[in-house]
Structures are given as structure tokens and as C-alpha cells.
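Chains as they are written, first to last, in numbering that gives the first Met the number 0: chain A, 0 to 111; chain B, 0 to 969.
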Amino acid sequence: MAYQLYRNTTLGNSLQESLDELIQTQQITPQLALQVLLQFDKAINMALANRVRNRVNFRGSLNTYRFCDNVWTFVLNDVEFREVTDLVKVDKVKIVACDGKSESTQNKNDKW
Amino acid sequence: MLRQMEPAANPGDSPVELELTVQNVESALYQLYFDPVMERKNVAQKWLTEAQASSQAWQFCWALLGPDKLPEVQFFGASTLHTKISHHWNDLPADQHDSLRMQLLSHVLHFSSGPKMVLTRLCVALASMALNLIPQVWPQPVADMVRAFQPLKPDSEGASEAPRDPQAHCLALLELLTVLPEEFQSGRLAQARRTQLKGALVGEWAVVCPLLRQLLQSQDSSNQAKEKVLRCLSSWVGLDVPLGESHELVQDCFSALSNPELFDTAVETIVSAISQPDSQRYIDALVTLTPLVLGLHDQLKRAAQDGDMETSHGICRIAVAMGETHSRVLLEQVEHWQEYLALVNMILFCTGIAGHYPVSETSSSLTLTFWYTLQDDILSFEEDKQAVYLQVYRPVYFQLVDVLLHKSHYPSEEEYASWSPDDKEQFRIYRVDISDTLMYVYEMLGAELLSSLYDRLGRQLMDPQQSAVWQDTEALLFGFQSIAETIDVNYSDVIPGLIGLIPRINISNVMLADTVMYTIGSLAEWLADHPVMIAGILPMVLQGLGKPELSVSSVSTLKRICRECRHDLAPYAPDILTTSQDVLVKEIHKSSQCMWLMQALGFLLSALPVEEILGRLHSLITPHVQRLDTLAQQEPDPTNKQSIIHILGMLSSLFTTLDINRQADSLEGASSPRLTPTQSMQNPVVVVLQQVFTLIQNIFSKWLDDSDVVEAVCGVFEKSVRTLLHDFGPMVAQLSEMLGQIFCAFPQASALDLARQMVHIFAGEEHHIANIKSLIEVLTSATLTIFQQGPRDHPDIAESFMNLHAQILKRKPDMYLSDQLDVKRLFYSGILSLKFPETATVKAATLFFTELLPRCKDMPLLGEVLQEDGKLLTETLLQAVGGESPRSLSEHFSEVLLSLNRHCPALLSQWLKEALQVPGFPSAQVSAEQKHTFRQQLLREQTHKRRVKDIVKEFSLLCRGLQGSGYSDF
């Protein structure tokens, strides 16, 4: 199973809107729509793991952290994001992270 | 003989009214496959889907599977059977289960010699049936299946039925056993049922495993059968079958690696068995498997030598899977430490495999995560234990550094030029991965790593022969940069030496020069703590600034230095400014680098003595302002438009970072006797803005209808407001007046955004608020006119307008007391904005209402409007939730509904009742009862946002007919 968290992105939402429409006009079945979404999950997980190497460093003070159901959550205060050319300061940041080495992407040398 | 498919009697007829007979199904299939007319194909497909769903399908599917039918027809029969079993299982009376099972088994046997696609479908159908009946009705499906496929003894009764082919039966059985776990994985099952089924299936492994072993070991088995065995094992591994029970089978898979035909599949199978997360519980099994992995080392070396990439890649994957998945467990097996060290060395061999990634090898990148995992595991041991492991593994990691630096070498220029853009991108990514790995290696080796890099760099640069090879120097600097980029190198004593060495590097090669620049950039924070070293290195950066090929690296490095070290740059300011002005005037850099450069100069100017800033600012911007003035006098055309936007962008960038108050903040508390600049004189940015104000008015008048230019002008002010905050005050009066005028002449969203920014900053300052208030009145009445005329073509204006009023309601609600604001029309414009297809506009409108509703109680005027038009708002929200707007927005609508329920529950109750009692509203898919439940649930919940969100989401799914399909269960 690939992570589903990217469904709530611009790309994921647009896809779901289109699928909704296709289901409502009875051009595809909900089962097929589900398969498309699962394929989307797989593809976006793969692409983000393997094709993106942009790096952003950040530092801040850790307010809370938890590890539940294999999901890490960090809440940070006063965070500075540094990219090569930019520095952005944010009061509060919540980071949700899952292990990039899930079953579907095993052995592909991916990292988060 | 096969009967040919026959076209339907009247192919043009709509088959929808056709009777569900075998013949009609066949005709429809003929249309689907062979009819050239797309429309008929579609009609046929629709009819066939309906036919599959009908109850008659249980009968006609068998007829379609008859031996005289075409494979396409048989396939449809098998596929129909699967659909019935997986989706309409409950239609079938329980007393027919047994006969269905017998029939299916006999058909699988019958089709065991093909066609393959029919066989696979039948196997999937049988697997699906087993999953429906396990464990109560069919407790041991696998044993039954195996029994059914046993070769019959010649004297047994079935022998006379038909000649049997044991080889084909064996393959069919393996197919069936392979699809069983797959069908389980792909099905949608409730959690409890899933757990129950998985337990039952894992129990069946005790039957499957010995069978697979027997087949894999048997001399009689064909390669085809062995390959199927391997695939079958992979399939069961997905169910987390215990490695303790199957490790002997996995061991047998290693022998398959010597068979070239089975190599790839065996690698796949071994890797999936080893990397199964649960396998780490079976330590003994892992310990027995490790020597088998080590046994592949010779094969690996041979393959690497012969350039046999497939083989070396496969073995590398196995070694990495073992090392990476089980590093902690295997490290802990102290009595086997040498074996694990040997495995680590084997992986090191894979990392260092000859050739350039990705052109002549692709294996080394697989190993990088392993090195991270190993160091992470070692460093997580308690101190005493860690010390022992470090003693063993630190030397390996030093070797690894050599290997990684070697692998990160650029090829020769000619070779690199021959690479495709894709290969170059892959190589860049690979180097970033190496860079990450080096950062982790630093955790193991600490400052000693930097010292060793420094020593090597020193030796290389001193030796004229060695320093001629630019790739070596580049790789070493790349190593430095990888570490300095993320790790605080403050306590390393080699950085001063490094900074001394850098100017000795001959940067005639572009790749090397880029890396030199980035290395300097990565040391910017260190330089801020050691400002005396700036003098040694800054000239190199300024020199780089003049070279277009180093544009990105040199400008970004200068920006980092200016950002981090600005308080110590005063002595170098004239040089930096002169060089920058020179490259800007000569137009050496692309537009985006010019923006970065202006931001760098903004940082630089901010930290200069206040009395110096204005003068330097003037000399910096004068040539550009003069150019802008010339451009503003010309007639508008696309070329001067780009130049105008470019210059305005440079001013915006400069004003984003030019912040003299930050300097005052950072000096606060220090013994500096300086006055805060605001007390002593006007902010230099404001002085400049006032000087160019007339010029800007000119640009506005010429480019009024061009949203890009208007946006760029507004950008200059918006960036300044954000940075200057209250210092921007002296600009408010004239800017408000101008904004009002240009908006009335030609409305643009960016003007509304700038106004919102001003409301945000100056809401509390009475002497400015009068100006802003009249601006808001002008903007509002002009926008309401647009709403009256039909706002559909201006979603951006609607969005900015909603955001502006949400801001006003939040920061300065008493502006709504003015009789100049037509609150009723505002309310109505909000309702119109909710209906836009543009997501951002709808969101802004919901924000407007969530800010507005809480104010209704205290503002009678607003209360009245709500009384009158609240019903319309409620109806609009229901319509949006019911299907008019995308489902992803339902969260925002739920917030408005919650707000209504909090602030006027009685009215909302009434409005909901009236709206929902209309049949078919908001959707024909919801019944009166469902609407009633929704209303009840919604009204009951006044506190929890999340619960309201769920209620609205559920209702939205109902209205769209999407509930319970599995598709929307997330």
C-alpha cells in the first residue's frame, strides 16, 4: 500500500474532482475510480521518493512529537527554513512524516 | 471446430432491450471486439456490463466457457464468473456453493493447458470464492485444491474421462496458489474480516511450502514450473508467512541463482522474502541465510569484472536487502560479527562498483540507504557497546568516504557532454544522495572526517600534477560542502585552512567553479562568526559574479554571505555595490538572479550606518529608475512591458530585505548609543518611494489595463509595507488616494490585495485609518458594481474582495458601521462568490462568512441582513455541498454551517427545514429521511469542527451517490 496523504494536494484533489464527475455521469464505476486513485498514490509516492532531490534545511525548537501507527508528527516553533537563496521564518510548523520505505517502494533506495 | 462469432442480426439496434441469452452475449462481444464503429462498441460494452450484473449471468457464464467457444468469449465467461463471485456472492443460495466449487475446479483443470488468459481468470474466480468461504464453510481450501490436482492413478475412476497432462496441471495449480494471496491483497475487506482471512491463509502455508520445495528441488520440474514456484513464494511472502517456516525454501531459491533463466525471478523472490519486515523475528533463519548471501561474492566480482550488469545488480540487491533490513539484528549476533562485517564489505564493493552512475552502472545508488541505516543502528547502541562497534566500523566508513568521493567524480568534459539530459539529471540526483550519505557518515567519523578531507585537498593543491585534475579537487570540495551545508562546523579547526586554500584553486573549469562557490556559500554562517576571514574569500565571489556561466552559484553565494554576515560587511560594501551595479547594468544575469542580487544588496544596506544608507541606495537605484522613467514615456509594447516589470521586480526585491529596524532590533540591549532610526529620520525606503511616486503614477496611467504591470507596481508597495510595517505610515495617504483612482478606472485584484495589507498593518492607527476607510469605500462600491454586472469573468477580483472584507471584519469591524458600505449587497456578493468554480474564490468567500457571522449579534445592520438573506445563504451552501462544488471544499462549507449554528441556531433550523423539504433538493439522490437525519445531526453539533466536517462530508457523498463504494472511504 502506498501512502494516501498526497490525495489532499492540488493534484490529488483535481483528480478526485474529475473522478467524481466521471462516476456521476456513469462513465466509470466507483471501483475503477478507486483503482485510479490507488495508482495515483503509487505514482506520486514513487515520484516524490525518486525524482525529487531539492533540499531545504530548517531549524526550530521542538514543541511536541509523537510516533503513532508508523506516522511521525512533529510540532515545531520558531522555525527557519533555509534554501540556498531563501530564508523563511514561520511561527509554528507541523510535520507529518511516514517511512518512505513502505512495501510498495521497497528496494528502490528512497528516502524522505 | 470453433464456431465463428456472428454479427448481431441488427447491429445498429440498441442492444439494451435485447434478451439475456448466450447468443446475444456472443453477438455483443462480437461488436465489442470487431465492430469498427466506436459508438456500437460503447453500446455493446454498456450492455455487457449490465448483463454481467444480472442474475442470469450465473447461468450463461458456463455456456460461454464451452469448449467450442472463441477464447474472447470464454474469457468473458470466466471474467463474469469472477465478477459474480466477488461482487454478487450473496445472490447465490448456500446449497449451491458445493456444486459451484466442483464446477470451477473441473473448469480450471480443463483449461490448464490454455488459453492462459481464461485459466488465470478462472483461478482468480476460484480464489475469490475461497476467500468468501474461509474459514467456516471451506476450512482448508489449499489442501483441497492440491488434492484435486494430484495426478490420478491409472486405475482410478476418473482416468478414463480425459487424457491428463500432469505438467499442465502442476502449472495450473501453481497459478491458483499464486493468485490466492493476490486476490486477498487486492480485495476490499473490513478490517476484522481481513485479519481473520489472513490468519487462515497463513495457516495454509504449512501445506503450500513443502509442495513448493518439492517442486523446486525436483529434477523433473521444468524451468517454467520452477519460475512459477518462485513467483508463488513471492506472492505468499506478501502475507507475512513466517520466515522460520520457509527459510529452507528461501535457501533453495539461492541455488536457482545459478540458472540464468531463473536468475531474475529468484532475485525478486529472495529480496521480497528477506525484506519482509516480520522476518527479523527469525534470527536463526537469518543467520543461516547470511553465508548464502556471502557465497555470492565471487559471482558478483566476476560479473562486475565482465561488465555483466544484470547479474551484479541482482546480487547487489540481495546483499543490500539483507544488510539494510536486518542490520540491527545481525549486529547484535556478536558471535557472527565477522560474517556481518563481510556482508558490509560486500556492500562496500557494490557501492564502489566500477563505472559512472547512471551511464555504466546503476547498482551503487541502491546501497546508499544501507550506510545510513548501519550508522543509525550503531549510534543507537548504548555507549560501551557503541565504542566496540565504532572500533570495527569506523575504518569501513573511512573507506566508504573514499569510495563515495570517487563515485561523485565528474567524467571528462567530452564524456559528460555526450550524456543525455536525463543521465545528467540522474547523476545530479545521485550526487545529492551521496551528499546526504556523507552528512550521515560525519555522525560516525566527526571532525576527523573534515581533517582528512582537508589534508587531501591540501596535498592535492600543492602538487601541480595532481591539481591539474579538476575532478579530484571538485569531489573533495563537494564532500566539504555536503557536510558544512547542514552541520555546524564551528568547532572544526580546519575551516580557516580551507578558506586559505580556496583562493589557490584554479577555477577555469565551470563545474569546479560552481562547487567552489557553493562551498563558500555553505560556510557563510561560519564566516559570520569569524568575520576576519571574509576578506580572503569575498573577492573570489565578486569575481564569479561577473561570469554568466556562474550566475546561479555566485549570486546565491553572495546572497548567503550578505544575509549571514551583513553586520560585518561595511568595509566591503563599496566593492560589493560597485561590482553588483556593474553586472546589473551589463545585464550579465537572468531576471531571477537579478532579483536575488537585489535581495542580497537589501541585506547589505540594512546593516550600514543609517546616515549612509540613503546615499548608497540612491546611487544603486538611480540608473534603474532613470531607465524606468524612459520606459514609462514610451508607448506600451511587449518589450518595454517586460523591462518595466523587471525593474519594478528589482525594486520589490530590494525592499523585501532592506529593513533598518531589524538592525535596530539586533543592536538593542547592546551599548550602542544610536537612536532608533525612526526617531531620528525618515526611513530611506519611504524617502525613495516618495521620490518615485510621480513616476509610478505615470506608469499606472499608461498601463492601467495590464494586470501584470499593475501587479508589479502594487508588489513594490506590498513588499515595502511588509518590511517597513508602521514606518510605511507617511505613504498611506497618497497611496490610498492613488489606489482608489486606479481601481475605479480599471479594477485589478492586486490593488485589493494591497489594500488588505494596509488594513492589516494600520487598523489600529487612528490617523491613518480615515484614509484607508475612504479607500475601502471606493474599492467596495466599484467592486459591487462589477458584481452587479456579472462577476463571472473576474474570479481573482472576487477572491481578493472577499479576502479584503474578511480582513476588515477581523481587524476593523467598525468600518461596517459606515453608511457608505452597502452591507446587503456585500452579503449578496459573498453568496455569489460561493458559487464560483474557482476553489480559491470559494475559500475566500467562506472565510468572509465565518468572519461576518459572529459580528451579526453586535451590529444590528448586519443582523438584519442575516435575517433577510440567511436562508439564501443556507440554500447556497446546501447546493454547494450537494454537488455544485468540488467535494474537497466541503470542509470550508462546513465551517460556515457551524458558524451559522453557533450564532443563529433557531434561524438555521428553520432555514434548513424549509430548504430541505423541497423534493430533489439539493440532489435527487438523497431521501427525505436522509435529509432529516442530516439536519438533526448538523443542528446538534455546535462545538466540534471535526464532527461537523464529517457530517457534511457524509451528506455530500450521499448527494453525489458516492457513498459506500470504497472509492470514497478515506
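Yeah, the Cβ is synthetic: ideal placement off N, Cα and C, and Gly gets one too. The structure presented is a predicted model; accordingly, all values stated were derived computationally and were not measured.
ask   = Of the choices B:H617, B:V686, B:E710, B:L657, whose alpha-carbon is the least far from that of H645 (chain B)?
value = If we check each option's Cα against that of H645 (chain B), B:E710 comes out closest.
key: Which listed residue (B:L200, B:I506, B:P495) has its alpha carbon closest to that of M532 (chain B)   = Out of B:L200, B:I506, B:P495, B:P495 has the C-alpha closest to the C-alpha of M532 (chain B).
query = Where L616 (chain B) and P683 (chain B) are concerned, what is the direct C-alpha to C-alpha distance, given to the nearest angstrom?
reply = Separation of L616 (chain B) and P683 (chain B) (C-alpha to C-alpha, rounded to the nearest whole angstrom) is 8 Å.
request  = Could you tell me which of B:A341, B:H408, B:C349, B:E331 sits nearest to E381 (chain B), measuring between CA atoms?
outcome  = Here the closest residue by C-alpha is B:E331.
Unbroken alpha helix (DSSP H) run spanning K558 (chain B), endpoints = Looking at the DSSP string, the run of the alpha helix (DSSP H) that includes K558 (chain B) is 550-564.
ask   = Can you find a C-beta in chain B that's less than 8 Å from the C-beta of N12 (chain A)?
value = Taking Cβ atoms only, chain B reaches closer than 8 Å to N12 (chain A), which makes this a yes.
request  = Using a Cβ cut-off of 8 Å (strictly closer), state whether V178 (chain B) contacts chain A.
outcome  = Not an interface residue.
ask   = Cβ of P921 (chain B) less than 8 Å from any chain A Cβ?
value = So no, P921 (chain B) is outside the interface.
task = Scan the stretch 883-898 of chain B for residues whose Cβ lies nearer than 8 Å to a Cβ of chain A and list them as they occur along the chain.
result = Contact annotation: in the stretch 883-898 of chain B, residues whose CB is within less than 8 Å of a CB in chain A are P885, R886, S887.
inquiry  = Less than 8 Å between C-beta atoms, sequence neighbours within five positions excluded: which residues of the same chain meet that for L378 (chain B)?
reply    = Cβ neighbours of L378 (chain B) beyond the five flanking positions: Q385, E442, M443.
task = Check whether the Cβ of T485 (chain B) lies closer than 8 Å to any Cβ atom in chain A.
result = Yes, T485 (chain B) lies at the interface with chain A (some Cβ there is under 8 Å from its Cβ).
A32 (chain A) at chain C interface by Cβ criterion, 8 Å = No chain C appears in this structure, whose protein chains are A and B.
message = Report the start-end ranges of each alpha helix (DSSP H) in the stretch 378-456 of chain B that is 4 residues or longer and not cut off at the edges.
response = Inside the stretch 378-456 of chain B, DSSP marks whole alpha helix (DSSP H) runs of 4 or more residues at positions 382-406, 412-417, 420-444, from first to last along the chain.
query = Are three or more beta carbon pairs between the stretch 13-22 of chain A and the stretch 875-895 of chain B nearer than 8 Å?
reply = Under the 8 Å Cβ criterion, the stretch 13-22 of chain A counts as touching the stretch 875-895 of chain B, having at least three qualifying pairs.
ask   = Relative to the alpha-carbon of I433 (chain B), which residue among B:S450, B:I482, B:V391 has its alpha-carbon at the smallest distance?
value = Comparing alpha-carbon positions, the option among B:S450, B:I482, B:V391 lying closest to I433 (chain B) turns out to be B:I482.
key: Chain-order list of residues whose beta-carbon lies under 6 Å from that of N108 (chain A) (same chain, five-residue window excluded)   = Caution applies to N108 (chain A), whose pLDDT of 32 falls short of 50 and renders its modelled position unreliable; the value that the coordinates give is listed next. So no residue of the chain qualifies.
task = Tell me, please, whether the CB atom of Y2 (chain A) is closer than 8 Å to any CB atom in chain B?
result = By this cut-off, Y2 (chain A) is not an interface position.
Cβ shell of A797 (chain B) (< 7 Å), same chain only, five flanking positions each side left out = Cβ neighbours of A797 (chain B) beyond the five flanking positions: P790, S832, F835, T840.
query = Short check: CB of A843 (chain B) to CB of N802 (chain B), under 8 Å?
reply = With a cutoff of 8 Å on beta-carbon distance, A843 (chain B) and N802 (chain B) are scored as near each other.
request  = Excluding the 5 residues preceding and the 5 following V970 (chain B) in the sequence, name in chain order all residues of the same chain whose CB lies nearer than 6 Å to its CB.
outcome  = Chain B is shown from 0 up to 969; residue 970 (chain B) falls before or after that span and cannot be answered.
inquiry  = Can you tell me whether H766 (chain B) is buried or exposed? The criterion is at least 16 other CB atoms within 10 Å of its CB, across all chains shown.
reply    = By the neighbour-count rule (16 or more Cβ atoms within 10 Å), H766 (chain B) is not buried but exposed.
task = Counting only runs of 4+ residues fully inside the stretch 118-196 of chain B, write out the alpha helix (DSSP H) ranges in chain order.
result = Segments of the alpha helix (DSSP H) lying fully in the stretch 118-196 of chain B: 140-148, 165-185.
task = For Y281 (chain B), count neighbouring Cβ atoms within 10 angstroms of its own Cβ and tell me buried if that reaches 16, exposed if not.
result = Y281 (chain B) counts as buried, since at least 16 other C-beta atoms from the protein chains shown sit within 10 angstroms of its C-beta.
request  = Return the chain-ordered ranges of every beta strand (DSSP E) run that is complete within the stretch 759-820 of chain B and spans a minimum of 3 residues.
outcome  = Taken in chain order, no unbroken stretch of beta strand (DSSP E) lies wholly in the stretch 759-820 of chain B with a span of 3 residues or more.
ask   = Can a CB atom of chain B be found closer than 8 Å to the CB of D98 (chain A)?
value = By this cut-off, D98 (chain A) is not an interface position.
Spatial neighbours of L970 (chain B) in its chain, beta-carbon cut-off 7 Å, leaving aside the 5 residues before and after = Because chain B is modelled from 0 through 969, residue 970 (chain B) falls outside the range shown and cannot be assessed.
ask   = Given E160 (chain B), which residues of its chain have a CB within under 7 Å of its CB, disregarding the five upstream and five downstream residues?
value = Bear in mind that a pLDDT of 44 at E160 (chain B), under 50, signals an unreliable position, so the number given afterwards is only what the model happens to contain. Short of 7 Å from the beta carbon of E160 (chain B), and not among the five residues preceding or following it, lies no beta carbon of its own chain.
key: Delimiting residues of the alpha helix (DSSP H) encompassing N49 (chain A)   = 29-49 is the span of the alpha helix (DSSP H), which, as asked, contains N49 (chain A).
request  = Report the option in B:T556, B:P853, B:Q909 whose CA atom is closest to the CA atom of E874 (chain B).
outcome  = Of the candidates B:T556, B:P853, B:Q909, the one whose C-alpha sits nearest the C-alpha of E874 (chain B) is B:Q909.
ask   = Per DSSP, what kind of secondary structure is T675 (chain B) in: helix, strand or coil?
value = With a pLDDT of 47 at T675 (chain B), under the threshold of 50, the modelled position of that residue is not reliable, and the figure given next carries that caveat. The answer is coil: DSSP assigns T675 (chain B) none of H, G, I, E or B.
task = Taking I317 (chain B) as the reference, give the member of B:V402, B:C349, B:V333, B:L961 with the closest Cα.
result = Among B:V402, B:C349, B:V333, B:L961, the Cα nearest to that of I317 (chain B) is on B:C349.
ask   = Along the chain, where does the beta strand (DSSP E) that runs through R81 (chain A) open and close?
value = Counting along the chain, the unbroken beta strand (DSSP E) around R81 (chain A) starts and ends at 70-81.
query = Just curious, the beta strand (DSSP E) that V92 (chain A) is in, first and last residue?
reply = If you look at V92 (chain A), you'll find it in the beta strand (DSSP E) that goes 86-97.
request  = Check the Cβ-Cβ distances between D19 (chain A) and every residue of chain B, and say whether any is below 8 Å.
outcome  = At a cut-off of 8 Å between C-beta atoms, D19 (chain A) counts as an interface residue with respect to chain B.
8 Å Cβ cutoff met for M128 (chain B) and F74 (chain B) = Note that the C-beta distance between M128 (chain B) and F74 (chain B) is not below 8 Å.
ask   = Shorter than 8 Å from the beta carbon of Q15 (chain A) to some beta carbon of chain B?
value = Judged by the 8 Å Cβ criterion, Q15 (chain A) is in contact with chain B.
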